[in-house]
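S.K.: As they're listed, the protein sequences go chains G and P.
Number 779 in my numbering belongs to position 169 of the first sequence; there are no gaps in the numbering.
Number 484 in my numbering belongs to position 31 of the second sequence; there are no gaps in the numbering.
For glycine and all other residues, C-beta sits at the position ideal for the given N, C-alpha and C.
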Amino acid sequence: MESKKTSCKDLFSAFFRIGLFTFGGGYAMLPMLERECVEKQGWTDREELLDYFAIGQCTPGVIAVNTATFVGTKERGVIGAAAATAGVVCPSLIIILIIAMLLENFAHIPAVQHAFGGIRVAVAALIANAVIKLIGKNVKSPLAIVLCIAAFAAITFLSLSPVLVVLVAAIAGISAKAVAK
Amino acid sequence: MMTLLNLFIEFFKTGLFAVGGGLATIPFLTAMTEKYDWFTRRQLTDMIAVAESTPGPIGVNTATFAGFRAAGIHGAVTATFGLVLPSFLIILAIGRALQKYKSNPLVQNAFSGLRPASTGLIAAAGWSVLKTALSGTDIMGTISLPAVILFAVIMFLSNTKKLKSLHPAAFIGLAAVVGIVVGM
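(1) Among G/Ile729, G/Gly746 and G/Pro752, which residue has its Cα nearest to the Cα of P/Gly636?
(2) Under 7 angstroms, CB to CB, which of the residues in the region 715–737 of chain G have a partner in chain P?
(3) At which residues does the alpha helix (DSSP H) containing G/Arg686 begin and terminate?
(4) Which residue comes first and which comes last in the alpha helix (DSSP H) that contains G/Gly728?
(5) Keeping to the same chain, check which residues put their C-beta closer than 7 angstroms to that of G/Val681; ignore five residues upstream and five downstream.
(6) Classify G/Lys684: buried if its beta carbon has 16 or more other beta carbons within 10 angstroms, exposed otherwise.
(7) Can the beta-carbon of G/Ala678 be found closer than 9 angstroms to that of P/Ala529?
(8) Cβ of P/Ile596 versus every heavy atom of the ligand FAD: is any distance shorter than 8 angstroms?
(9) Using a threshold of 9 angstroms, state whether the C-beta atoms of G/Phe762 and G/Val698 are closer than that.
(10) Take the Cβ of P/Ile596 as the centre, count every other Cβ of all protein chains shown within 10 Å, and call the residue buried at 16 or more, exposed below.
(11) Apply the 10 Å Cβ neighbour rule to P/Asp499 and answer buried if 16 or more other Cβ atoms are within range, or exposed otherwise.
(12) Could you say if the region 613–624 of chain P and the region 718–726 of chain G meet the contact criterion of at least three C-beta pairs nearer than 8 angstroms?
(13) For a cutoff of 9 angstroms on Cβ pairs, would you count G/Leu757 as touching chain P?
(14) Give the list of continuous alpha helix (DSSP H) stretches no shorter than 4 residues that lie fully inside the region 459–546 of chain P.
(15) Near G/Arg645, which residues of its chain fall below 8 angstroms by C-beta distance, leaving aside the five closest residues on each side in sequence?
(16) How far does the alpha helix (DSSP H) with G/Ala624 in it extend, from its first residue to its last?
(17) DSSP three-state label for G/Phe767, please.
(18) Does chain P have any CB closer than 9 angstroms to the CB of G/Val741?
(19) Strictly below 9 angstroms CB to CB, what residues from chain P border G/Ser769?
(20) Let me confirm a value: P/Ile592 is counted as buried when at least 16 other C-beta atoms fall within 10 Å, else exposed. Which label applies?
(21) Could you name the residues of chain G that P/Phe564 contacts, counting a contact when the two beta carbons are closer than 7 angstroms?
(22) Does P/Ser588 come out as helix, strand or coil in the three-state DSSP assignment?
(23) Under DSSP, the alpha helix (DSSP H) around G/Pro772 begins and ends at which residues?
(24) In chain order, what residues of the same chain lie with their CB nearer than 8 angstroms to the CB of G/Pro552, ignoring the 5 residues before and after it?
(25) By how many angstroms is the C-alpha of P/Phe470 removed from the C-alpha of P/Thr478?
(26) Name the residues in the region 699–710 of chain G whose C-beta lies less than 8 angstroms from a C-beta of chain P; which are they?
(27) For G/Ala768 and G/Ile673, I'd like the C-alpha separation in whole angstroms.
(28) By alpha-carbon positions, which one of P/Leu538, P/Ala546 and P/Phe534 ends up nearest to G/Gly687?
(29) The alpha helix (DSSP H) spanning G/Met642 covers which residue range?
(30) Could you tell me which residues DSSP puts in a beta bridge with P/Ile596?
(31) State yes or no: is the beta carbon of G/Thr616 nearer than 9 angstroms to at least one beta carbon in chain P?
(32) Could you tell me the boundaries of the alpha helix (DSSP H) in which G/Tyr662 lies?
Here it is, written out as structure tokens:
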């Protein structure tokens with residue numbers, strides 16, 4: 611492949627399209643990332659993309675942003691990372707702002723209120739499904755079961771800060787492995 | 454100005470401590486409803502619905518919406534910037550040592566604790582959303598029967614083989630129609 615220097619504009623517009631055409635983030639982004647970064651631009655290959663996702667799950671934050679930062683850095687350093695990240699975030703900013711403003715004007719209409727009454731139920735069901743899937747994937751060992759229940763209880767019954775829960779869980783994970791040795 | 458600073462700090466914390474993608478940010482937003490009067494739990498649930506049925510990463514969508522509710526357009530930009538910044542800095546810092554970072558035993562052990570805890574956090578946020586969604590609109594907050602039935606139907610439909618791969622927006626759309634027809 612002829613190597614040409616990638617411009618920040620290329621990075622911004624590729625990730626703008628990725629942000630615009632993916633619903634939901636996470637793995638739902640993979641096909642769009644492949645199309646833009648592998649097939650069209652040749653910035654990376656499929657293997658490396660899957661690696662990014664694996665690493666994205668071992669770093670905090672939004673996986674889409676992690677991936678954009680990776681690809682941007684690789685192509686153009688810090689400025690490239692900023693361009694790619696701005697690109698992936700911009701469609702959300704624009705679309706959500708429009709919807710938020712519209713909703714503010716229409717929120718008092720009874721039909722809209724009833725619609726959201728139903729929508730809230732759907733959201734609860736979608737999160738319940740996500741939780742069931744996550745439990746199957748992440749909660750297997752006895753320690754994992756304890757940590758999962760403890761995190762739930764800390765928030766639901768004790769109203770503790772999620773930051774505290776995350777810190778304690780990381781320490782518990784590290785010390786459990788140390789003790790096992 | 455104070456609100457913008459608080460928004461930035463809260464969403465920076467969210468970006469730094471939310472492990473495992475978009476939904477993992479919700480427990481942090483639920484905590485914000487207790488600390489600030491930026492938005493209510495009910496509004497948060499509406500924001501999640503919009504975030505799930507519009508393009509873009511759920512975490513970014515929710516942050517933008519929450520920031521807008523708290524402080525208008527400036528709030529939206531500030532919250533989104535705050536959320537994104539930790540990921541950006543961390544990836545820049547890890548840089549070329551990505552593979553080394555991933556296979557580092559300390560990182561792996563920490564995440565063996567973080568993943569189940571994050572699952573518990575999301576479950577707690579889900580529980581709070583469920584309570585909001587199923588409670589009636591009257592002051593007593595008693596359970597709304599139509600909501601319970603709709604919840605059961607959506608759980609059933611979204612777990613049947615043929616409909617499993619349907620986009621979340623399809624179920625959200627269906628629920629909106631039912632909500633209007635039944636007058637939820």
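M.R.: Looking at the atomic coordinates:
(1) Closest by alpha carbon: G/Ile729.
(2) If the cut-off is 7 angstroms between Cβ atoms, the region 715–737 of chain G has Ala721, His724, Ala725, Phe726, Gly727, Gly728, Ile729, Arg730, Val731, Ala732, Val733, Ala734, Ala735, Leu736 and Ile737 near chain P.
(3) Ile673 to Phe716 is the span of the alpha helix (DSSP H), which, as asked, contains G/Arg686.
(4) That run of the alpha helix (DSSP H) goes Pro720 to Asn748.
(5) Counting only residues of its own chain and dropping the five nearest sequence neighbours on each side, G/Val681 has a CB closer than 7 angstroms to the CB of Cys647, Trp653, Thr654 and Ala694.
(6) With 16 or more Cβ atoms within 10 Å of its Cβ, G/Lys684 is classed as buried.
(7) Against a cut-off of 9 angstroms, the Cβ pair of P/Ala529 and G/Ala678 comes out as no contact.
(8) Although the ligand FAD was asked about, the structure shown includes no ligands whatsoever.
(9) Their beta carbons are not under 9 angstroms apart, which means G/Phe762 does not touch G/Val698 by this criterion.
(10) Answer is exposed; the Cβ neighbour count stays below 16.
(11) Here P/Asp499 is buried: its Cβ has 16 or more other Cβ atoms, across all protein chains shown, within 10 Å.
(12) The region 613–624 of chain P is not in contact with the region 718–726 of chain G.
(13) At a cut-off of 9 angstroms between C-beta atoms, G/Leu757 counts as an interface residue with respect to chain P.
(14) Counting only runs of 4 or more, we get 479–488 and 494–506.
(15) Hits under 8 angstroms: none found.
(16) G/Ala624 -> alpha helix (DSSP H) spans Cys618 to Phe631.
(17) Judged by DSSP in its simplified three-state form, G/Phe767 adopts coil rather than helix or strand.
(18) It does; some Cβ of chain P falls within 9 angstroms.
(19) Simply Ala484 and Glu487.
(20) Below a pLDDT of 50, predicted positions are generally treated as unreliable, and P/Ile592, at 49, falls in that range; no measurement from the model is reported.
(21) Going along chain G in sequence order, the residues near P/Phe564 (Cβ under 7 angstroms) are Cys668 and Gly783.
(22) The answer is strand: DSSP assigns P/Ser588 an E or B state.
(23) Segment Pro772 to Ala790, the alpha helix (DSSP H) holding G/Pro772.
(24) Residue 552 of chain G lies beyond the stretch modelled for chain G, which goes from 611 to 791, so this question has no answer here.
(25) Their backbone Cα atoms lie some 8 angstroms apart in a straight line.
(26) Against chain P - using a Cβ distance shorter than 8 angstroms - the residues of the region 699–710 of chain G are Val699, Pro701, Ser702, Leu703, Ile705, Ile706, Leu707, Ile709 and Ala710.
(27) The question names Ala, but residue 768 of chain G in the sequence shown is Leu. Straight-line spacing of the CA atoms in G/Leu768 and G/Ile673 works out to 30 angstroms.
(28) For the residues P/Leu538, P/Ala546 and P/Phe534, the minimum Cα distance to G/Gly687 belongs to P/Ala546.
(29) For G/Met642, the enclosing alpha helix (DSSP H) stretches over residues Leu640 to Leu643.
(30) Paired residues: P/Ser588.
(31) Using beta-carbon distances, G/Thr616 does not count as an interface residue toward chain P, since no partner is under 9 angstroms.
(32) Per DSSP, G/Tyr662 is one residue of the alpha helix (DSSP H) stretching across Arg656 to Gly666.
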